[in-house]
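Working notes for the structure below.
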Amino acid sequence: MNTSTLTVRDLTGLRSPRPVTGGVPLAEGTAPRGARFTLTDARGRPVPLQTAVLARWPDASAKWVLLDFSADPPAGKSATYRLTWSKSTKPIPPDDPVRASTKPPVRLATDRVRVETDDQVLLAVNRQFEVRMTLSDGKGRRYQARTDAASIETRGPLRGTMQLRGDFRDADGERAFSFRLRVSVFAGLQRIRLEPMIIIDSDHGVIQPIRELAIELRPLSGLKTAKIDGAGPWTPNDPPRRLFQIDDQQFTVEGTKGKGRRAAGWARLEDNAGNTAAVALRDFWQQWPKSIELDRDSVSIGLLPRFRAGTFDHMQPWYKHQYLFKGSSYRLRTGQARRWDLWLDLAGDGQTLAAAANAPLVPAADPAEAIATGVWGPIAPVGAAMRDYDRWADRIFELYRRSIEINRDYGAMNWGDWWGERGCNWGNHEYDTPRHMLIQFARTGDPKYFHAADAAARHMSEVDIVHCLNDDLKEYFHQWPCKGFPPRPGMVHEHCVGHVGGFDPIQRIRRLFVSLGVGRSKNPYLCLDPYNLGHLWTEGMVQHHFLTGDPWLRDTVELVAASLLKLVDDGQYAFAGHAHSGRTTGWPMTALAAAYELRPDRRYLRALRKLADGALAEQDPNCGGWLYELPWGHCFCRTRKHVGEAGFLTSVRVNGLARYHDLAGDRRIPEAIRRAVTHINNDTWLDHRSDWRYTSCPATKPFGQIGVTVMALVNSVRLTGDVEHLRILRKAWHARFQQLISERNLKKGHGKTYALTMLGAPEAAGLLANLAKG
């Protein structure tokens with residue numbers, strides 16, 4: 007019999023039973039196909055448990071298992087559980103299991119909660135409340151969400167989840183764009199989770215104006231009384247009341263004198279039959295603007311609340327915030343998506359519900375046990391051997407969070423991302439911010455890392471990726487023709503003004519870049535197109551899926567991977583053969599390897615092999631490097647450009663090759679990596695500075711220990727054991743770490759600093775700590 011220790015930590019300071027959903031890793035071979043799982047608390051009492059295997063090892067044993075159960079940890083403290091599995095284990099059922107029915111209406115029910123689809127509205131709740139979702143476009147035309155298909159996504163005794171899919175349609179049946187709604191019901195609880203999502207797949211137009219998007223809760227017996235956060239009691243005889251979160255630092259309660267800084271985002275109502283319900287929107291103020299409105303017969307949550315022209319003019323600079331607003335409408339780009347997390351409680355109060363919604367319980371596997379499974383790579387858990395690193399890693403994370411707060415990196419389409427790349431771009435999580443936070447969650451078991459990564463991964467998967475196209479968006483992308491890469495779903499936007507571009511005339515963005523000195527050129531690269539494969543990350547989204555079971559993250563990664571597979575199979579796109587091929591080969595390899603972790607499809611390995619073949623064919627047999635004439639920015643010499651490559655680009659390629667080797671065991675790769683890293687060191691390492699020069703051009707300066715190069719040395723040491731590489735890694739890491747532990751400065755774009763710094767850091771520290779232990 008095998009076991010794993012889990013903790014569930016409360017961050018709300020409150021006591022109440024809450025649902026827990028989360029994934030835990032298992033070592034290869036320990037949970038063969040057919041194994042069943044049970045859970046016990048710290049006193050050995052059995053806890054009802056629902057499980058689903060999310061991924062398997064090559065021997066078909068469980069690799070990641072999704073757990074669902076209910077927990078009530080002490081306020082501000084942790085509860086400990088033990089997960090046990092064997093083929094003879096028998097899980098115990100809950101007293102009030104979730105029952106699912108696919109016979110229309112599609113239904114989820116317990117003894118106290120009943121949620122079902124409704125032809126006239128989206129949902130009926132306990133036959134007491136209706137749930138609707140409504141939209142007004144830029145011309146004021148009203149649409150209602152109409153369900154085309156409903157299915158049971160998860161069927162289990164502890165949690166049942168249904169998904170609704172459909173379109174917003176007006177009274178004449180005209181379509182605006184698509185929506186989805188995930189609905190979850192939990193055993194023994196009267197809480198319901200609603201996850202409304204919009205997918206901007208309009209038939210025409212690049213920019214879609216939206217005047218208002220709301221989800222409504224309407225009591226069938228009529229609304230008797232209600233209360234919203236920040237205001238006193240209200241009845242239908244009173245004037246309509248609206249809490250309006252204007253930005254991240256102010257809200258007003260229209261119809262009263264109420265105002266404040268940051269609303270928690272909840273309401274509580276009672277109907278004429280005596281039924282009560284509380285509703286709360288997660289991350290309410292962080293996703294400004296938001297609203298909660300009471301009118302004669304309903305409570306309405308403004309996901310994109312109506313506003314007057316000029317309301318947000320104070321949010322500057324324009325290139326940070328104003329892309330979203332024009333006149334009295336929001337502007338969303340075709341191809342984007344956005345999702346919200348809304349909770350109903352049929353027995354609780356709004357304040358408690360909001361606290362729980364903003365800090366959901368997550369299971370954390372014991373760090374030493376989780377890392378020993380091998381799924382997190384060559385890292386070490388929190389502990390005595392890592393004490394200095396642990397303090398530093400926590401401080402740089404807190405600097406990241408402080409940077410978000412000081413720079414006010416919030417907003418409806420911004421929350422989860424960071425701003426300031428090149429002084430004007432939203433980062434779109436360059437260098438995979440969520441991945442580094444989730445590694446820290448694995449190392450420490452601290453849920454604060456998970457919650458930050460959750461916001462980041464959701465933003466990344468919704469806002470920054472092209473989920474769909476129409477002819478108008480394709481025409482917009484054709485302004486940047488890219489041979490062999492036609493516009494299609496799965497393209498990924500790099501750091502960009504407005505996250506995805508298309509909001510402002512190209513000339514305006516060009517003037518902005520020139521005025522800021524971006525690229526030291528009169529015609530700088532504007533980062534508006536989605537063709538740049540040198541800025542492509544999926545590992546954090548894959549890890550997020552394994553830790554949450556969220557199918558949207560899985561589907562999004564597979565959408566990106568499908569686009570990459572098509573590029574490789576077509577053979578027309580130039581992955582190699584140019585001065586930036588280190589990243590246009592390396593990052594796609596890393597992305598495809600991550601997709602293979604989700605679903606071990608042999609097509610991914612074939613594509614990885616093709617990319618590896620192309621990279622190895624261009625590796626110089628004499629020096630081990632990749633030799634190209636250096637472009638502007640990598641060499642400013644005027645009489646003749648140097649030949650070579652930026653060290654960080656070589657490193658990205660090396661790391662992609664290493665990920666491929668980990669999956670396929672290609673015997674060519676370790677020696678190719680050893681030779682490549684030797685070349686990086688011979689070409690750019692400055693031993694007296696304990697740092698690498700930026701590029702092969704000797705006039706470039708030390709680059710400040712970029713993480714991808716640290717990671718390249720880690721990969722060489724672990725795959726080849728090269729003694730000189732280990733010496734340089736030790737020297738570089740010691741110098742870099744001494745600098746990092748004294749760093750306290752904040753600046754715009756600290757998110758990029760965080761991701762760049764953390765990339766390779768836990769692997770280097772873990773490798774060196776493990777070697778020190780012998």
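So the sequence shown is numbered by the working numbering: it starts at 7 and just counts up by one. Don't be surprised by glycine CBs; every beta carbon is placed ideally from N, CA and C.
Beta-carbon proximity list for residue i, same chain, < 6 angstroms, skipping 5 on both sides
i, result
"F318", "F331"
"P38", "S67"
"H327", "M321"
"Q293", "A418 and W421"
Per-residue burial, residue i [other beta carbons within 10 Å of its own, 16 or more giving buried]
i, result
"C643", "exposed"
"D693", "exposed"
"G451", "buried"
"L522", "exposed"
"K69", "buried"
"N538", "buried"
"V729", "exposed"
"N628", "exposed"
"P295", "buried"
"T645", "exposed"
"Q578", "exposed"
"Q549", "buried"
"G50", "exposed"
Own chain residues within Cβ distance below 8 angstroms of residue i, not counting five before or after
i, result
"A462", "G422, D423, H435, T439, P440, M443 and G546"
"G639", "G525 and R526"
"F519", "R428, C430, G525, P530 and L532"
"A371", "S10, T11, L12, V30, P31, A448 and G451"
Own chain, CB closer than 7 angstroms to residue i, minus 5 neighbours either side, in chain order
i, result
"R464", "R345 and G422"
"L719", "V683, H731, I734 and L735"
"T36", "N8 and S67"
"S467", "M547, W558, L559 and T562"
"A599", "L614, R665, Y666 and L669"
"D101", "G194"
"C703", "L636, H640, C641, C643 and H648"
"N721", "V660, N661, A664 and I679"
"P373", "P387, V388, A448, R449, T450 and G451"
Coil, strand or helix - residue i by DSSP
i, result
"I377", "helix"
"I747", "coil"
"Q485", "coil"
"Q169", "strand"
"T562", "helix"
"G316", "coil"
"F403", "helix"
"V531", "Looking at the sequence provided, one finds Tyr at residue 531 rather than Val. Coil at Y531, not helix or strand."
"W593", "helix"
"V524", "helix"
"K332", "strand"
"E299", "strand"
"R188", "strand"
"G28", "strand"
"E624", "helix"
Euclidean distance between Cα positions of residue i and residue j
i, j, result
"L338", "P215", "7 angstroms"
"T726", "P676", "6 angstroms"
"E769", "N776", "10 angstroms"
"W324", "P110", "49 angstroms"
"P245", "Q134", "24 angstroms"
"A458", "H551", "15 angstroms"
"G238", "R267", "17 angstroms"
"L89", "D47", "9 angstroms"
"W291", "A269", "6 angstroms"
"P242", "S227", "13 angstroms"
"L762", "G671", "28 angstroms"
"G792", "H756", "Residue numbering for the chain in the displayed model covers 7 to 780; residue 792 lies beyond these limits and cannot be assessed."
"Q56", "L73", "6 angstroms"
"G333", "G144", "9 angstroms"
Q: Spell out a yes or no on whether the region 7–25 and the region 69–85 are touching, meaning 3 or more CB-CB pairs, one atom from each, closer than 8 angstroms.
A: yes
Q. If you pair each beta-carbon of the region 534–543 with each one of the region 486–500, do three or more pairs fall below 8 angstroms?
A. yes
Q: Mind the definition here: the region 285–305 touches the region 373–380 only if three or more C-beta pairs lie below 8 angstroms; say whether that holds.
A: The region 285–305, when compared against the region 373–380, does not touch it at the 8 angstroms Cβ threshold.
Q) Do the region 561–568 and the region 526–533 make contact, defined as three or more Cβ pairs closer than 8 angstroms? A) no
Q.
Using 8 angstroms as the cut-off, can you tell me whether the region 204–220 makes contact with the region 242–260, which would need three or more C-beta pairs spanning the two stretches below that distance?
A. Flag = no, the region 204–220 and the region 242–260 do not touch.
Q) Quick one: any contact between the region 580–599 and the region 621–632, if contact means 3 or more CB pairs under 8 angstroms? A) yes
Q.
Three or more C-beta pairs under 8 angstroms: does that hold for the region 380–399 against the region 226–238?
A. no
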